[in-house]
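*Asks:* Residue numbers (my numbering), protein chains in the order written: chain Z, 1 to 310; chain P, 311 to 620.
Number of protein chains: 2
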Amino acid sequence: MRVKVLGSAAGGGFPQWNCGCSNCNRIRAGVLKGRVRTQAQVAISAAHGKWLLLNASPDLRQQILENPEFAPAEETRSTPIVGIILTSADVDCVMGLLHLREFQPLVIYATAGVRRVLTEENSLFRTLMRAIPPVRWESLEIGKPVGVHQDSAAGTGAGLHCTAVSVGGAFPDYVSDALRRNLPEQEAVIGLEFCADGKRFFYAPNLPGRGEEWKRHASESNLALLDATFWTDDELVRVRGSGKTAREMGHLPLSGANGLLDQFKDVKNVRRVLIHMNNTNPALDEESPANRELRDAGWEIATDGMEMDV
Amino acid sequence: MRVKVLGSAAGGGFPQWNCGCSNCNRIRAGVLKGRVRTQAQVAISAAHGKWLLLNASPDLRQQILENPEFAPAEETRSTPIVGIILTSADVDCVMGLLHLREFQPLVIYATAGVRRVLTEENSLFRTLMRAIPPVRWESLEIGKPVGVHQDSAAGTGAGLHCTAVSVGGAFPDYVSDALRRNLPEQEAVIGLEFCADGKRFFYAPNLPGRGEEWKRHASESNLALLDATFWTDDELVRVRGSGKTAREMGHLPLSGANGLLDQFKDVKNVRRVLIHMNNTNPALDEESPANRELRDAGWEIATDGMEMDV
Numbered sequence: 001m002r003v004k005v006l007g008s009a010a011g012g013g014f015p016q017w018n019c020g021c022s023n024c025n026r027i028r029a030g031v032l033k034g035r036v037r038t039q040a041q042v043a044i045s046a047a048h049g050k051w052l053l054l055n056a057s058p059d060l061r062q063q064i065l066e067n068p069e070f071a072p073a074e075e076t077r078s079t080p081i082v083g084i085i086l087t088s089a090d091v092d093c094v095m096g097l098l099h100l101r102e103f104q105p106l107v108i109y110a111t112a113g114v115r116r117v118l119t120e121e122n123s124l125f126r127t128l129m130r131a132i133p134p135v136r137w138e139s140l141e142i143g144k145p146v147g148v149h150q151d152s153a154a155g156t157g158a159g160l161h162c163t164a165v166s167v168g169g170a171f172p173d174y175v176s177d178a179l180r181r182n183l184p185e186q187e188a189v190i191g192l193e194f195c196a197d198g199k200r201f202f203y204a205p206n207l208p209g210r211g212e213e214w215k216r217h218a219s220e221s222n223l224a225l226l227d228a229t230f231w232t233d234d235e236l237v238r239v240r241g242s243g244k245t246a247r248e249m250g251h252l253p254l255s256g257a258n259g260l261l262d263q264f265k266d267v268k269n270v271r272r273v274l275i276h277m278n279n280t281n282p283a284l285d286e287e288s289p290a291n292r293e294l295r296d297a298g299w300e301i302a303t304d305g306m307e308m309d310v
Numbered sequence: 311m312r313v314k315v316l317g318s319a320a321g322g323g324f325p326q327w328n329c330g331c332s333n334c335n336r337i338r339a340g341v342l343k344g345r346v347r348t349q350a351q352v353a354i355s356a357a358h359g360k361w362l363l364l365n366a367s368p369d370l371r372q373q374i375l376e377n378p379e380f381a382p383a384e385e386t387r388s389t390p391i392v393g394i395i396l397t398s399a400d401v402d403c404v405m406g407l408l409h410l411r412e413f414q415p416l417v418i419y420a421t422a423g424v425r426r427v428l429t430e431e432n433s434l435f436r437t438l439m440r441a442i443p444p445v446r447w448e449s450l451e452i453g454k455p456v457g458v459h460q461d462s463a464a465g466t467g468a469g470l471h472c473t474a475v476s477v478g479g480a481f482p483d484y485v486s487d488a489l490r491r492n493l494p495e496q497e498a499v500i501g502l503e504f505c506a507d508g509k510r511f512f513y514a515p516n517l518p519g520r521g522e523e524w525k526r527h528a529s530e531s532n533l534a535l536l537d538a539t540f541w542t543d544d545e546l547v548r549v550r551g552s553g554k555t556a557r558e559m560g561h562l563p564l565s566g567a568n569g570l571l572d573q574f575k576d577v578k579n580v581r582r583v584l585i586h587m588n589n590t591n592p593a594l595d596e597e598s599p600a601n602r603e604l605r606d607a608g609w610e611i612a613t614d615g616m617e618m619d620v
């Protein structure tokens with residue numbers, strides 16, 4: 001498996017368009033030692049130059065254009081992108097589907113709950129059905145491996161399987177109460193475990209951190225690419241003066257008792273990489289104590305363009 | 311009035327992510343004399359460094375970051391962007407509203423019909439209501455000037471007025487039949503006439519070209535920034551082998567009998583600029599006969615970053 005990070009920030013990106021926090025101000029002024037980042041977007045390839053997108057970020061058009069391996073072959077519409085796998089219905093996971101509306105047959109893998117949110121109360125996504133053949137939705141069931149074929153015509157890539165892993169969490173605030181009542185909450189947010197050639201890659205850009213299932217999958221993987229939205233539980237409350245804590249928003253903070261670093265401290269032999277870092281996270285500053293603490297604990301921090309082989 | 315073009319292409323941009331047409335292939339290969347273009351996005355400023363966005367393109371985050379005058383003042387969330395005026399509910403006019411979801415109070419001006427499409431059958435846009443105060447929707451009625459204040463607190467910019475102009479056209483295909491039946495079609499697609507200090511600017515990035523109203527407003531303006539999606543009526547049909555004509559899609563083609571150039575040939579004293587050019591339009595090639603014909607007829611072609619004073 002080849003894993004490519006096209007975007008590494010949380011929703012809004014870094015810097016965020018309307019934010020005047022210390023990190024955003026300093027990166028705009030060119031005085032922060034760190035990198036600008038588009039919103040979290042990952043692609044995975046198993047064979048034959050075909051790619052699956054993990055979520056569809058709001059910056060997806062820009063991300064595709066900046067990485068030439070995603071350009072179509074000359075004189076055709078033969079994009080190497082064959083499908084998208086969604087981990088939630090959050091805006092920053094799904095908005096980019098609308099970038100893909102240009103009459104392109106694609107497969108979208110999602111839980112039934114996420115699919116219902118998009119297709120039953122967001123008519124914009126009908127633009128995806130104009131393709132010939134139209135976009136096809138495939139269901140992901142918790143714990144059930146699915147062959148995510150990289151090239152359905154040739155049957156290549158059949159060795160790549162994806163399993164939806166329950167991580168806790170809730171459907172986004174924007175979902176209507178009427179629909180929410182009819183959706184099983186375990187379908188709201190999932191992690192993805194990919195297996196190919198005896199290797200495992202676990203992806204959870206939104207990690208509420210409830211239950212033990214996510215930790216088992218992360219600990220048994222060769223590569224874990226995990227949610228790094230917030231450094232502390234009260235990070236946004238302190239910046240805004242009010243609002244929800246990290247845990248209330250469905251993000252296990254990195255630091256503190258029972259935070260991600262704490263929960264992972266006894267795990268061995270897993271390449272551990274952080275993604276989906278919010279603009280307020282002090283670790284974005286490469287000279288910060290938080291950044292140093294992450295590196296000392298054996299974590300890498302994903303950057304736009306980073307590639308990993310599993 | 312200062313008018314700034316942040317994006318100048320039609321939906322999908324140039325190049326388009328999955329397109330292997332001659333224009334897209336050549337711009338990717340660096341052998342087309344022309345410019346890459348993000349999706350159509352215009353901003354207008356009347357006073358005090360505050361800006362109104364005309365539509366909200368899918369590329370809006372990238373466009374804001376690339377133009378430093380839209381960055382917030384240091385240490386605050388005081389974005390100079392105070393509102394958005396929508397001309398239709400097309401994906402490429404509205405998707406960018408989701409880029410603006412970061413808890414920012416804003417005013418969105420739209421016809422009641424466009425507002426209903428977004429708020430009644432697209433729950434994603436509820437993310438805009440999290441701001442304190444939440445995003446405020448203001449109705450545009452055809453033919454009725456509205457003061458689009460640049461700074462509602464101080465009352466500055468009160469001299470800038472916007473009038474919705476009927477241009478024909480239909481609601482997008484994605485809108486449900488049930489809602490469509492209840493919406494007046496004249497609210498589907500509008501042009502915008504701005505007046506300040508005795509000057510007029512007319513904006514119509516989607517110009518079906520029906521009726522005479524649009525032509526009167528365009529002809530009487532100091533600056534007309536108009537739909538240049540397609541060069542010929544059958545342009546997309548020839549590229550794809552099937553599909554709708556330009557006119558059937560709600561775009562008056564530039565060339566041919568009764569096309570935009572033909573209809574505008576006797577108009578004098580209007581600065582005329584083209585925007586919303588589709589990736590298939592031959593005029594994107596600056597060495598093409600189409601491009602030469604446009605320039606010979608007195609038209610300019612908008613590029614990303616272009617600024618105009620009216």
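Note that beta-carbon positions come from the ideal geometry of N, C-alpha and C, so glycine has one too.
(1) Determine the burial state of V313(P): buried for a count of at least 16 other Cβ atoms within 10 Å of its Cβ, exposed for fewer.
(2) Can you name the residues of chain Z whose CB is closer than 7 Å to the CB of M559(P)?
(3) Scan the region 356 to 430 of chain P and note each continuous alpha helix (DSSP H) run of 4 residues or more that stays entirely inside, going in chain order.
(4) Relative to the C-alpha of A204(Z), which candidate in Q186(Z), G198(Z), E193(Z) and G211(Z) has its C-alpha closest?
(5) Of the residues that make up the region 3 to 30 of chain Z, which ones have a beta carbon closer than 9 Å to any beta carbon in chain P?
(6) Does the distance from the CB of A506(P) to the CB of M311(P) come in under 8 Å?
(7) Can you list the residues of chain Z that V401(P) reaches, using a CB-CB cut of under 9 Å?
(8) Run through the DSSP bridge pairs and tell me what C329(P) is partnered with.
(9) Check whether the Cβ atoms of R411(P) and T437(P) lie closer than 8 Å to each other.
(10) Kindly indicate if chain P contains any beta-carbon less than 8 Å away from that of M306(Z).
(11) Along the chain, where does the beta strand (DSSP E) containing K4(Z) start, and where does it finish?
(12) In terms of residue numbering, what span does the alpha helix (DSSP H) encompassing S330(Z) cover?
(13) List the endpoints of the continuous alpha helix (DSSP H) containing A498(P).
(14) Here's the rule I'm using: 16 or more other beta-carbon atoms within 10 Å means buried, otherwise exposed. How should D304(Z) be labelled?
(15) Once DSSP output is grouped into helix, strand and coil, what is the label at E610(P)?
(16) Taking the alpha helix (DSSP H) that D572(P) falls in, what are its first and last residues?
(17) Can you pull out the residues from the region 352 to 375 of chain P whose beta carbon lies closer than 9 Å to at least one beta carbon of chain Z?
(18) Under 8 Å between the Cβ atoms of A353(P) and L362(P)?
(19) Tell me whether S598(P) sits in a helix, a strand or coil according to DSSP, three-state version.
(20) List the residues of chain P whose Cβ lies closer than 7 Å to the Cβ of M277(Z), in chain order.
(21) Closest by CA to G519(P), which one among K509(P), Q496(P) and P592(P)?
(22) Hey, could you find the ends of the alpha helix (DSSP H) E213(Z) is sitting in?
(23) Buried or exposed: where does A154(Z) fall if 16 or more other Cβ atoms within 10 Å of its Cβ makes it buried?
(24) Of all Cβ atoms in chain Z, is any one closer than 8 Å to the Cβ of Q496(P)?
(25) Which residue marks the beginning of the alpha helix (DSSP H) containing D177(Z), and which one marks its end?
(26) Since E235(Z) is in the alpha helix (DSSP H), which residue starts that stretch and which ends it?
(27) Does the beta-carbon of S486(P) have 16 or more other beta-carbons within 10 angstroms, so that it is buried, or is it exposed?
(28) Could you compute how far the alpha carbon of F264(Z) sits from the alpha carbon of P282(Z)?
(29) Step through the CB atoms of chain B and report whether any lies within less than 8 Å of the CB of E220(Z).
(30) Please state whether DSSP places N335(P) in a helix, a strand or coil.
(31) S486(P) touches chain Z at which residues, Cβ-Cβ below 8 Å?
(32) Note down, in chain order, each residue of its chain lying with its Cβ closer than 6 Å to the Cβ of R336(P), except the 5 sequence neighbours on either side.
(33) In its own chain, which residues sit with a C-beta less than 6 Å from the C-beta of S398(P), not counting the 5 before and 5 after it?
(34) What span of residues does the beta strand (DSSP E) with S255(Z) cover, start to end?
(35) Report the residue from T280(Z), G13(Z), P68(Z) and A110(Z) whose alpha carbon sits nearest the alpha carbon of F230(Z).
(36) Under the DSSP definition of a beta bridge, which residues are partnered with R37(Z)?
*Replies:* Considering the structure as presented:
(1) Buried is the call here.
(2) Those within 7 Å of M559(P) in chain Z number zero; the least Cβ separation is about 12 Å.
(3) Taking only runs of at least 4 residues, the alpha helix (DSSP H) segments lying wholly in the region 356 to 430 of chain P are 370 to 376, 401 to 404 and 422 to 430.
(4) Nearest Cα to A204(Z) within the set Q186(Z), G198(Z), E193(Z) and G211(Z): E193(Z).
(5) Cβ contacts with chain P: G11, G12, G13, P15, Q16, W17, N18, C19, G20, C21, S22, C24, N25, R28 and A29.
(6) Taking 8 Å as the Cβ cut-off, A506(P) and M311(P) qualify as a contacting pair.
(7) Here the neighbours are L98, R101, L124 and T127.
(8) None, per the DSSP bridge assignment.
(9) Contact flag set, yes.
(10) Output row for M306(Z): interface = no.
(11) Looking at the DSSP string, the run of the beta strand (DSSP E) that includes K4(Z) is R2 to G7.
(12) The structure shown does not extend to residue 330(Z), since chain Z spans only 1 to 310, so no value can be given for it.
(13) That residue, A498(P), is in no alpha helix (DSSP H); it is neither H nor E in DSSP.
(14) Counting Cβ neighbours within 10 Å, D304(Z) comes out buried, since at least 16 surround it.
(15) Residue state, collapsed to three classes: strand.
(16) Where D572(P) is concerned, the enclosing alpha helix (DSSP H) starts and stops at L570 to Q573.
(17) The residues in question are P368, D369, L370, R371, Q372, I374 and L375.
(18) Yes, they are a contact pair.
(19) The answer is coil: DSSP assigns S598(P) none of H, G, I, E or B.
(20) Within 7 Å Cβ-Cβ: nothing; M277(Z) doesn't reach chain P, min ~16 Å.
(21) Of the residues K509(P), Q496(P) and P592(P), the one whose Cα lies closest to the Cα of G519(P) is Q496(P).
(22) If you look at E213(Z), you'll find it in the alpha helix (DSSP H) that goes E213 to S219.
(23) Note that A154(Z) scores a pLDDT of 46, beneath 50, so its modelled location is shaky; the value from the coordinates is reported in the next line. Classified as exposed, A154(Z) has fewer than 16 neighbouring CB atoms from the shown chains inside 10 Å of its CB.
(24) Cβ-Cβ to chain Z under 8 Å: no for Q496(P).
(25) For D177(Z), the enclosing alpha helix (DSSP H) stretches over residues D177 to R180.
(26) For E235(Z), the enclosing alpha helix (DSSP H) has its first and last residue at E235 to R240.
(27) It is exposed - the Cβ of S486(P) has fewer than 16 other Cβ atoms within 10 Å.
(28) In this structure, the alpha-carbon of F264(Z) lies about 20 Å from that of P282(Z).
(29) Considering every chain present, this structure includes no chain B. Its protein chains are Z and P.
(30) In the displayed model, N335(P) falls within a helix according to three-state DSSP.
(31) Ordered by position in chain Z, the residues that pass the 8 Å Cβ test against S486(P) are S123.
(32) The answer, listed in chain order, is L342.
(33) V499 and N516.
(34) Judged by DSSP secondary structure, S255(Z) falls outside any beta strand (DSSP E); it is assigned neither H nor E.
(35) Checked all of T280(Z), G13(Z), P68(Z) and A110(Z); the closest Cα to F230(Z) is T280(Z).
(36) In the DSSP output, where bridge partners are listed per residue, R37(Z) has F14(Z).
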